[in-house]
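Okay, structure first, notes after.
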Amino acid sequence: MSLPTKAQSWHRNNFIISTDKTLLSIASINSAFDAEFMYWTSSVPDSALEEIIRNSFCFGLYENARETDVTAGTGSKEEEEQREYKQIGFARLITDCVTFAYLTDVYVLPEYQGRGLGGWLLDCVNELLEPLPHLRWTMLRTSSRKSKESYERRMGMSILAYRDVEDGPVMMGRKGKGNRV
0 MSLPTKAQSW HRNNFIISTD KTLLSIASIN SAFDAEFMYW TSSVPDSALE
50 EIIRNSFCFG LYENARETDV TAGTGSKEEE EQREYKQIGF ARLITDCVTF
100 AYLTDVYVLP EYQGRGLGGW LLDCVNELLE PLPHLRWTML RTSSRKSKES
150 YERRMGMSIL AYRDVEDGPV MMGRKGKGNR V
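Okay, so the sequence shown: first residue is 0 according to numbering that gives the first Met the number 0, each after it adds one.
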């Protein structure tokens, strides 16, 4: 069993999280990478970001710009194409899809923070990782106390080698079902 090859999606009010890479906006992601709130990164050439996305398992967080209930309708391909999504968040896994996943580039635009969307995004990531029977490790790096606490609470992560997040970035991880040690 591995991460799904078919796109997954979750709906909440006027928001959607999807693993469909065709919905991702290179311009939106690169704009966020250059924003001050993403102090740990900067944009890359569009061609490089396209390759990064192609080689990662990605989650896009979107607002339905048409202000309609995204849970209404039949969910057909035609209905999906008629919706206008504004990308407001992102998360990606650097992974082999079976035994290891490194979570990175997690963000929600500042004007959408405080609505529980970041926690929901982590929950969706966790929902796909949790049942993987051969997953050995999920890891990430953070330098934010708030993020550290959220990763602990939402994903069961812990600091791999003790170091206070106030002293700089920390590596966090969680053993998976496939880890025997």
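Every residue, glycine too, gets a C-beta built ideally from N, C-alpha and C.
8 Å contact criterion, which residue i and residue j should meet: CB distance rounded
i, j, result
"Ser41", "Ile93", "Going by Cβ atoms, the distance from Ser41 to Ile93 rounds to 18 Å, so no, they are not a contact pair."
"Gly155", "Arg173", "5 Å"
"Tyr101", "Met138", "5 Å"
"Asn125", "Arg144", "Not quite, the Cβ-Cβ distance comes to about 20 Å (not below 8 Å), so this is no contact."
Cα-Cα separation between residue i and residue j, rounded to whole angstroms
i, j, result
"Thr73", "Ser142", "Unreliable placement is indicated for Thr73, whose pLDDT of 47 sits below 50; the coordinate value is still reported in the next sentence. In a straight line, the C-alpha of Thr73 is about 42 Å away from that of Ser142."
"Ser17", "Ala6", "7 Å"
"Glu129", "Pro168", "25 Å"
"Ala71", "Phe58", "Confidence is the limiting factor: at Ala71 the pLDDT is only 46, short of 50, which leaves the residue's position unreliable, though a coordinate-based value still follows. Going from the Cα of Ala71 to the Cα of Phe58 covers about 22 Å."
"Ile51", "Tyr161", "31 Å"
"Pro109", "Asn12", "19 Å"
"Leu116", "Leu127", "17 Å"
"Arg114", "Val180", "38 Å"
"Leu2", "Ser27", "25 Å"
"Val43", "Ala31", "11 Å"
"His10", "Ala90", "16 Å"
"Asp68", "Asp19", "In this prediction, Asp68 scores a pLDDT of 48, lower than 50, which makes its location untrustworthy; no coordinate-derived value is stated."
"Ser157", "Ser146", "12 Å"
"Glu35", "Asp104", "14 Å"
"His133", "Thr4", "17 Å"
"Trp39", "Asn29", "13 Å"
"Cys123", "Glu151", "15 Å"
"Asp166", "Asp33", "24 Å"
Opposing strand residues paired with residue i [DSSP bridges]
i, result
"Lys174", "Trp136"
"Val107", "Gly88"
"Gly59", "Ser17 and Phe89"
"Trp39", "Answer is none; Trp39 lacks a bridge partner."
"Leu102", "Leu92 and Leu139"
"Trp9", "Ile16"
"Ser1", "Per DSSP, none; premise fails for Ser1."
Residues near residue i by beta carbon distance below 7 Å, same chain, minus five either side
i, result
"Ile25", "Asp45, Leu48 and Glu49"
"Ala64", "Glu83, Tyr84 and Lys85"
"Leu22", "Gly59, Tyr61 and Tyr84"
"Phe99", "Arg135 and Trp136"
"Tyr106", "Ala31, Met37, Gly88 and Phe89"
Cut-off 8 Å between Cβ atoms - residues of its own chain near residue i, not counting five sequence neighbours on either side
i, result
"Ser149", "Gly117, Gly118 and Leu121"
"Leu131", "Met0, Ser1, Leu2, Val97, Gly175, Lys176 and Gly177"
"Arg189", "The structure shown does not extend to residue 189, since the chain is modelled only from 0 to 180, so the question has no answer here."
"Ser8", "Ile15, Ile16, Ser17, Thr18 and Asp19"
Contacts around residue i, its chain only, beta-carbon distance under 6 Å, and the 5 residues preceding and following it disregarded
i, result
"Ile87", "Leu60, Glu62, Leu108 and Tyr111"
"Met199", "Given a span of 0 to 180 for the chain in the structure shown, any question on residue 199 remains unanswerable."
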